[in-house]
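Chemist: Residue numbers (my numbering): 93 to 480. Backbone N, C-alpha and C define an ideal beta-carbon position, used for all residues, glycine too.
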Amino acid sequence: MKRFEGLDLFGLEALLTTEERMIRDTVRDFVDQEVLPIIEQQYSEGRFPMHLASRMGDLGLFGSTLSGYGCAGINAVAYGLAMAELERGDSGVRSFSSVQGGLVMYPIYTFGSEEQKDRWLPALARGKEVGCFGLTEPDFGSNPSGMRTRAVRDGDSYVLNGAKMWITNGHVADVALVWARTDEGIQGFLVEKGTPGFTSREIQGKLSFRASFTSELSFEDCRIPAANRLPGARGLKAALMSLNQARYSIAWGSIGAALACFHAALDYAKERIQFDRPIAGFQLIQEKLVRMASEITKAQLLAYQLGRLKDQGTVQAVQISLAKRNNVAMALETARTAREILGASGISNEYPIMRHVCNLESVKTYEGTDQIHTLIIGQHLTGLSAFQ
Ligand code: TGC
Ligand code: FAD
93 MKRFEGLDLF GLEALLTTEE RMIRDTVRDF VDQEVLPIIE QQYSEGRFPM
143 HLASRMGDLG LFGSTLSGYG CAGINAVAYG LAMAELERGD SGVRSFSSVQ
193 GGLVMYPIYT FGSEEQKDRW LPALARGKEV GCFGLTEPDF GSNPSGMRTR
243 AVRDGDSYVL NGAKMWITNG HVADVALVWA RTDEGIQGFL VEKGTPGFTS
293 REIQGKLSFR ASFTSELSFE DCRIPAANRL PGARGLKAAL MSLNQARYSI
343 AWGSIGAALA CFHAALDYAK ERIQFDRPIA GFQLIQEKLV RMASEITKAQ
393 LLAYQLGRLK DQGTVQAVQI SLAKRNNVAM ALETARTARE ILGASGISNE
443 YPIMRHVCNL ESVKTYEGTD QIHTLIIGQH LTGLSAFQ
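What follows is the structure, encoded as structure tokens:
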């Protein structure tokens, strides 16, 4: 099978190290050989291909930039390149990795006790156990600071009451990292599957992210050991720092979805004959292809520099917001344009485009909506918060 070639109009390949290219190519082959052949079927059945969890663990795709505890310890650029490959397969596959690594392993690694790290990180890194991240509530999405879920200290335990909504992998997770209000502010708690008072339910009827599990979590007098509180996570800031990790992977991942759509449209346009010519020869089709390629190239440059800043340790949250917002909007626009180029065929699952369009609608909403990131950047530019 011929390896996917990507798009490199600005010589980015030459800026990558041998190791970065090797990691990208390994994940590229994994997606070509093990994700793409099954993903349409999984999507139509509404299931995440769970057997991929341990395969992704073997490839070091969970908590990849962390060191020790069985994590791969690769740099941020290599990790970003891997995320783009995963999302070229499906946003749900990339999400599985960014939730497990960025939203569960990163906060345990950064804010957890040594016991919590030893207990969870190696198993999560291998994909033997699955984690989920419960921040969003039925009444608090963009504004998590209003959350109602509460944890009350009672001797050696905390008692949790509340609900979380739209939680990736919630009902298949072995551990839920749940953010709750306490007398000392918002804190993070590790709630193990099977804890009495903790129930989860799959959300049905999704027309997006169908190859991904999304759930509702409920806590009714759910008693957990006080040792399950993340000792270093004080305030909403700890949750927002974790979101930076997942938003970073989306900034790269969305490029993969855009590339899948661009190449499907380019190949189709070269083959499809109308008015006795391949439609790729028409000026209006070429303009669409050029616009897509230009926007993808700009997004690649943005992600590359974001990665280098992250590796230098100087990246700012506003830069991650800008890249998430720009690259997801670019990918959704690219996917919609690709759909148009394919005409009626664009709505068929013979091609990956409509699946990416539907997924990207969610990617534009989750991890901070397009509007929330606009306001974060607006605040940075003006010094005025539009939230208060
Ligand atoms: P605000 O007063 O602005 O901030 C509270 C404290 O946190 C600090 N901070 C950050 N720190 C690190 N990284 C960031 N991105 C940060 N944003 C804020 C801030 O400096 C402050 O620190 P301190 O020391 O002064 O206390 O907080 P706010 O309540 O006004 O909220 C601001 C807002 C709206 C930007 C925030 O709430 C927000 O980002 N909302 C969006 C919610 C969101 O993104 N939810 C995502 C849920 S998880 C998910 O969607 C997973 S999808 C699956 C996948 O990822 O694949
Ligand atoms: P709302 O916050 O109700 O927003 C509705 C609309 O109002 C949006 O267009 C928004 O941009 C706009 N809006 C809100 N406030 C403002 C404002 N101040 N100014 C202008 N416009 C505004 N959450 C988790 O915690 N963990 C997960 O694992 C997780 N996985 C997810 C997986 C999927 C597939 C999806 C779709 C969501 C997931 N989420 C998860 C939830 C996601 O983070 C939220 O959907 C997102 O934060 C937005 O919240 P909301 O849907 O409640 O929308």
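Rounded to the nearest angstrom, how far is the Cβ of S334 from that of P199, given a contact under 8 Å?
Modeler: Right, the Cβ-Cβ distance comes to about 5 Å (below 8 Å), so this counts as a contact.
Chemist: By alpha-carbon positions, which one of R95, R180, L398 and Q133 ends up nearest to E442?
Modeler: When only C-alpha atoms are compared, the closest one is Q133.
Chemist: Check whether the Cβ of S75 sits closer than 7 Å to any heavy atom of the ligand TGC, and report yes or no.
Modeler: Outside the displayed span of the chain (93 to 480) sits residue 75, for which this structure offers no information.
Chemist: Is the beta carbon of L158 less than 8 Å from the beta carbon of G152?
Modeler: Not a contact, by the Cβ cut-off of 8 Å.
Chemist: Would you mind listing the alpha helix (DSSP H) stretches within the region 170 to 203 that are 4+ residues and don't spill past its ends, in chain order?
Modeler: Fully enclosed alpha helix (DSSP H) runs of 4 or longer: 183 to 190 and 198 to 203.
Chemist: Verify whether the separation of the beta carbon atoms of G233 and M148 is less than 8 Å.
Modeler: Contact flag unset, no.
Chemist: Going by DSSP in three states, Y250 sits in which element: helix, strand or coil?
Modeler: DSSP places Y250 in strand when its eight states are reduced to three.
Chemist: Helix, strand or coil: which one does DSSP assign to P370?
Modeler: The answer is strand: DSSP assigns P370 an E or B state.
Chemist: Can you tell me whether F281 sits near the ligand FAD, meaning its C-beta is under 7 Å from at least one heavy atom of the ligand?
Modeler: Every heavy atom of the ligand FAD is 7 Å or more from the Cβ of F281, so no.
Chemist: Looking at I372 and the ligand TGC, is the gap between the Cβ and the nearest heavy atom below 7 Å?
Modeler: Here residue 372 is Ala; the residue named in the question, Ile, does not match the sequence. Every heavy atom of the ligand TGC is 7 Å or more from the Cβ of A372, so no.
Chemist: If you run the structure through DSSP and keep just helix, strand and coil, what is T389?
Modeler: T389: helix per DSSP, three-state reduction.
Chemist: In angstroms with no decimal places, state the Cα-to-Cα distance between E294 and T429.
Modeler: Each residue's alpha carbon lies about 32 Å from the other.
Chemist: Where DSSP assigns a beta bridge to I365, which residues make up the other side?
Modeler: For I365, which the question treats as bridged, DSSP gives the partners P370.
Chemist: Note down, in chain order, each residue of its chain lying with its Cβ closer than 8 Å to the Cβ of E207, except the 5 sequence neighbours on either side.
Modeler: Result list for E207: A319, in chain order.
Chemist: Over the uninterrupted beta strand (DSSP E) stretch that includes C163, give me the two end residues.
Modeler: Looking at the DSSP string, C163 is not in any beta strand (DSSP E), and its letter there is neither H nor E.
Chemist: How many Å lie between N167 and F188 at the Cα?
Modeler: Rounded to whole angstroms, N167 to F188 spans 19 Å at the Cα level.
Chemist: Can you tell me where the alpha helix (DSSP H) holding G470 begins and where it ends?
Modeler: Segment D462 to T474, the alpha helix (DSSP H) holding G470.
Chemist: Please name the residue, chosen from A215, Y250 and K380, that lies closest to T287 on a Cα-to-Cα basis.
Modeler: With distances taken between Cα atoms, T287 lies closest to Y250.
Chemist: Let me know the secondary structure DSSP gives D210 once reduced to three states.
Modeler: In the structure shown, D210 sits in a helix (DSSP, three-state: H, G or I).
Chemist: DSSP puts A272 in a beta bridge; with which residues?
Modeler: According to DSSP, which records beta bridges pairwise, A272 is partnered with Q279.
Chemist: Counting pairs of Cβ atoms below 8 Å between the region 346 to 359 and the region 376 to 394, do you hit three or more?
Modeler: At 8 Å Cβ cutoff, the stretches touch.
Chemist: I'd like the span of the alpha helix (DSSP H) that includes I115, first residue to last.
Modeler: Per DSSP, I115 belongs to the alpha helix (DSSP H) from T110 to F122.
Chemist: Is the beta carbon of S310 closer than 8 Å to that of N419?
Modeler: Going by C-beta atoms, N419 is not nearer than 8 Å to S310.
Chemist: How would you call L351, buried or exposed, if buried means at least 16 neighbouring beta carbons within 10 angstroms?
Modeler: L351 should be labelled buried.
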